Amino acid sequence: MKFGFKIIKKSKKSFARAGILETPHGVIHTPAFVSVATQASIKSLAPEDLENLGAEVILSNTYHLYLRPGSAIVKKAGGLHKFMNWLGPTVTDSGGFQVFSLGWGQVHKIGKIGFFPGFEEIEQYKGKSPKLVKITENGVEFSSHLDGSKHFFTPEKSIKIQEDLGADIIFAFDECTSPLAGYDYTKKSLRRTHAWALRCLKAKKRKDQALFGIIQGGDYKDLREDSAKFISSLPFEGIGIGGSLGKTRKNMFKILKWLHPFLPGQKPRHLLGIGNPDDLENCVKRGMDLFDCVWPTRLARRGTLLIKKGRLNIGNARYIKDFRVIEAGCFCYTCQNFTRAYLSHLFRAKELLYHRLATIHNLYFTLNLMRKIRENILKGKP
RNA sequence: GGACUCAUAGUGUAGCCUGGUUUAACACGCCUCCCUGUCACGGAGGAGAUCAGGGGUUCAAAUCCCCUUGGGUCCG
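Everything in the first sequence is counted per our numbering, starting at 429 for the first residue and increasing by one.
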């Protein structure tokens, strides 16, 4: 099967659309949530669990797999799919996010959105620079977070690694800038990311992988628009929207509104790293097709379970004797078989099964939400 | 019967010798919050102790002295 994207239905009330993305390893019904398997594993789940959840696609990370076990090992295993025995569609991130998460993200102690520091707090970062990451025009030098060893990523190297890993969808190597980066830095970084985008296209050899470009530009309107135009003009098979999405979620919606007029209508759009339930719904309405996020899985492991009303912290004392299921009416394996009291016990006892049951629930919740959003688009609802 | 030794939040300990910097610290536990292209089953707050009880010395005692109670070790 070849790569292809068909839009089946567009909403009349918003920019939402439902489509089918074909990959050599199967189809993805969009809008879709891509479960995150950074190290070639959805933490605590087996591929069988994913199938039962109805997950269609997963995302692994180039940087992590390059460091361990090494992309040569994965290649020798027959590629990511065979290595981890997940036969459905896969995506790899380029390592570009680690330029941020191991770099300025660490210095600023910040994620890609949220948290608005005061002036004094910004002051304290002056003169500081990332320790694990060194960025030049040619590429990025990483100090491995595992053993401190030095590694140099260029756009060409990222593509080579991603070709060795063999995912169906791969991403251009970019720099995700910090929400605290100023205009000048963001502009300079964007030029570099654009140059890298061209180099990625040129470096790509495999025909059975789809390469997505990535729009950057922080929360600066002119930069975002420039980037949207530039990336959209190139022969990428899809568009990633990355980087700092502003200091609040409202800001993120504003950025998506800026971008929309410049996005090619027929290419899939992947909003990188977003995923809490509210954001998924709101960003589909703003024209996004694909999402990947650690939100449901990470929260699950740390004791937060997703419910319609918001969240449930299973570590709270009131769940010790609560013999109800996480959410009445939920059809996930966990809710079909276990109570809050049992999950509370597993969580407190640090039993490994807790991670699996909680991850199953949160992923089911998220995937089910996406299914409902899609159905509504097909029915012409939102 | 005698000698020695120990007693600090729920648990385990630090502080005691060389009294004031102790509004008594730490770990685990407990209570709550946070987490958006995962370095991280992580991060941030919070509650909780008449320092076994009583007396004494001193400007000042968890800290030095005495007695009582309770536990432990050894000797008869």
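Idealized CB from N, CA, C, for every residue including glycine.
All values reported here derive from a predicted model rather than from experimental measurement.
Test item: CB-CB of residue i and residue j under 7 Å
| i | j | result |
| --- | --- | --- |
| LEU733 | ILE754 | yes |
| THR614 | GLY646 | yes |
| ILE801 | VAL722 | no |
| ILE589 | THR490 | yes |
| ALA483 | SER499 | no |
| SER586 | GLY523 | yes |
| PHE580 | GLU591 | no |
| ILE683 | ARG652 | yes |
| GLY516 | GLY447 | no |
| PRO459 | MET798 | yes |
| GLN644 | GLY670 | yes |
| TYR792 | CYS760 | yes |
| PHE719 | PHE461 | yes |
Between the CA atoms of residue j and residue i - distance to the nearest angstrom
| i | j | result |
| --- | --- | --- |
| LYS537 | GLY808 | 42 Å |
| SER772 | LYS778 | 10 Å |
| ARG729 | GLY576 | 27 Å |
| THR605 | ILE563 | 12 Å |
| PRO545 | GLY674 | Note that PRO545 scores 48 on pLDDT, short of 50, meaning its location in the model is unreliable; the coordinates nonetheless yield the value given after this. Cα to Cα, PRO545 sits roughly 12 Å from GLY674. |
| ASP717 | ARG445 | 7 Å |
| PHE547 | TYR611 | Any reading at PHE547 needs caution, since the residue's pLDDT is 45, under 50, leaving its predicted position unreliable; the model's value is listed next. Cα to Cα, PHE547 sits roughly 16 Å from TYR611. |
| LYS503 | VAL485 | 20 Å |
| ASN804 | LYS678 | 24 Å |
| LYS438 | LYS430 | 24 Å |
| GLY555 | LEU478 | 45 Å |
| ILE436 | LEU795 | 20 Å |
| GLY423 | ARG752 | Because the chain is modelled from 429 through 810, residue 423 falls outside the range shown and cannot be assessed. |
| ALA756 | LEU780 | 24 Å |
| PHE443 | ALA769 | 42 Å |
| LEU530 | ILE541 | 16 Å |
| PRO497 | HIS573 | 14 Å |
| ARG776 | GLY743 | 7 Å |
Selected residue, minimal CA-CA separation from residue i, among the options
| i | options | result |
| --- | --- | --- |
| ALA600 | PHE664, GLY539 and ASP650 | PHE664 |
| ASP596 | LYS440, THR520 and TRP532 | THR520 |
| LEU740 | LEU727, PHE570 and PHE751 | LEU727 |
| ASN566 | LYS471, LYS633, PRO583 and LYS434 | PRO583 |
| LEU699 | LYS737, ASP650, PHE640 and THR518 | PHE640 |
| PRO692 | SER660, THR676 and LYS630 | SER660 |
| PHE690 | TYR747, VAL561, ARG714 and TRP624 | ARG714 |
| PRO629 | LYS649, PHE658, GLY738 and LEU662 | Reading off the sequence, residue 629 comes out as Leu, not Pro. The candidate whose alpha carbon is nearest that of LEU629 is LEU662. |
| LYS685 | PHE719, PRO705 and LYS649 | LYS649 |
| ASP602 | LEU608, ALA609 and SER617 | SER617 |
| GLN467 | MET512, SER571, ASN790 and PRO705 | MET512 |
| ASP654 | LEU687, LEU626 and CYS758 | LEU687 |
| LYS736 | LYS578, PHE658 and ASN790 | ASN790 |
| ASN710 | THR725, PRO452 and LYS441 | LYS441 |
Those residues which DSSP pairs with residue i across a bridge
| i | result |
| --- | --- |
| GLY516 | Paired residue(s): none; GLY516 is not in a bridge. |
| ALA460 | LEU718 |
| GLY610 | In the DSSP output, where bridge partners are listed per residue, GLY610 has none listed. |
| PHE640 | PHE599 and GLY666 |
| LEU487 | VAL464 and VAL519 |
| GLU779 | Partner(s): none; GLU779 has no beta bridge. |
Contact test: residue i Cβ vs the ligand PLP heavy atom, cutoff 6 Å
| i | result |
| --- | --- |
| HIS457 | For the ligand PLP, the structure offers nothing, since it holds no ligand at all. |
In chain order, which continuous runs of the beta strand (DSSP E) of length 3 or greater are located wholly inside the segment 647-700? Fully enclosed beta strand (DSSP E) runs of 3 or longer: 666-669 and 697-699.
Could I get the ranges of all uninterrupted beta strand (DSSP E) runs contained in the segment 691-758, with 3 residues as the minimum, in chain order? 697-699, 718-721, 732-735 and 738-741
Quick one: which unbroken beta strand (DSSP E) runs of 3-plus residues sit fully inside the segment 580-626? Chain order, please. 597-599
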